[in-house]
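Structure first, commentary second.
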Amino acid sequence: MSIEKKLYRSGPFADFFAQGTQVGNVLYLAGQVGVDATGKTPDSLSEQVDAAYANLKRVLAEFGASMDNIVDETFFVTDMSALLGNVEEIYAAREKAYGGKPEVCQTVVQVVALVQPELKIEIKCIAHL
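If you're matching positions, the sequence shown starts at 29 in our numbering and goes up one per residue.
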């Protein structure tokens, strides 16, 4: 028995993984990093958060979804101290991305590294359609 999936592939790694996979009414999003639409990686953590959320919004739109559809979110950060030291700024950017206080579950995990050394955060989500 095969599961019916709808995939969205884009970006430089499109041959390796999908940016989003829909199974039934659940959408699994690949982790989105803080690289902006022009390919630039901002220096600050809060700017990378903004870029990652902009990328999430683009993937969600491919499935006719929005930030309102997200139910679970994971932050992968390379420096927990930097996140906690800028928590008000980071969570203000998060609130701005959601258009208000997010009504989602969240996990924050520190990792040794992300796919590129200049990246400070990756945001992975699950959405319900």
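Every residue, glycine too, gets a C-beta built ideally from N, C-alpha and C. All values derive from a computational prediction rather than experimental measurement.
Practice prompt. Output yes or no for whether 7 Å exceeds the beta carbon distance between Leu84 and Gln50.
Written response: In the sequence shown, the residue the question calls residue 84 occupies position 56. In the sequence shown, the residue the question calls residue 50 occupies position 22. The beta carbons of Leu84 and Gln50 sit no closer together than 7 Å.
Worksheet item: Contact between the region 138–146 and the region 106–117: three or more CB pairs below 8 Å?
Response: Touching, yes.
Fill in: Spatial distance of Tyr36 from Gln134 (CA atoms)
Sequence index remark: in the sequence shown, residue 36 carries index 8 (1-based). Sequence index remark: in the sequence shown, residue 134 carries index 106 (1-based). Going by the C-alpha atoms only, they are around 24 Å apart.
Practice prompt. Tell me whether Glu150 is buried or exposed, calling it buried when 16 or more other Cβ atoms sit within 10 Å of its Cβ.
Written response: To locate residue 150, count along the sequence shown from 1; it is residue 122. The Cβ neighbour count for Glu150, taken over all protein chains shown within 10 Å, is at least 16; the residue is labelled buried.
Worksheet item: Pick from Ile31, Lys33, Asn53, Val63: whose alpha carbon is nearest that of Gly39?
Response: Reading the sequence shown from its first residue, position 11 is the one you call residue 39. Taking Gly39 as reference, the option from Ile31, Lys33, Asn53, Val63 with the minimal CA-CA separation is Val63.
Worksheet item: Alpha carbon to alpha carbon, what distance is there between Ile98 and Met29?
Response: Here residue 29 refers to the residue found at position 1 of the sequence shown. Here residue 98 refers to the residue found at position 70 of the sequence shown. Taking C-alpha positions only, Met29 is separated from Ile98 by approximately 28 Å.
Practice prompt. For the region 54–130, list the alpha helix (DSSP H) runs that are entirely contained and at least 4 residues long, ordered along the chain.
Written response: When DSSP assignments are scanned along the region 54–130, the uninterrupted stretches of alpha helix (DSSP H) that are 4 or more residues long and fall wholly within it turn out to be 73–90, 108–113, 115–126.
Worksheet item: Whole-angstrom Cβ separation of Ala155 and Ala93, contact assumed at under 8 Å?
Response: Here the question's residue 155 lines up with position 127 in the sequence shown. Here the question's residue 93 lines up with position 65 in the sequence shown. Rounded to whole angstroms, the Cβ separation of Ala155 and Ala93 is 5 Å, and the two are in contact under 8 Å.
Item to complete: Go ahead and pull the three-state DSSP assignment for Val132.
Response: Numbered from its first residue, the sequence shown carries residue 132 at position 104. In the three-state reduction of the DSSP assignment, Val132 falls in the coil class.
Item to complete: Report all residues from its chain with a CB closer than 7 Å to the CB of Ala79; omit the five preceding and five following residues, and keep chain order.
Response: By 1-based counting over the sequence shown, the position of residue 79 is 51. Spatial neighbours of Ala79 in its own chain (CB-CB distance under 7 Å, excluding positions within 5 residues in sequence) are listed in chain order as Gly62, Val63, Asp64, Pro70.
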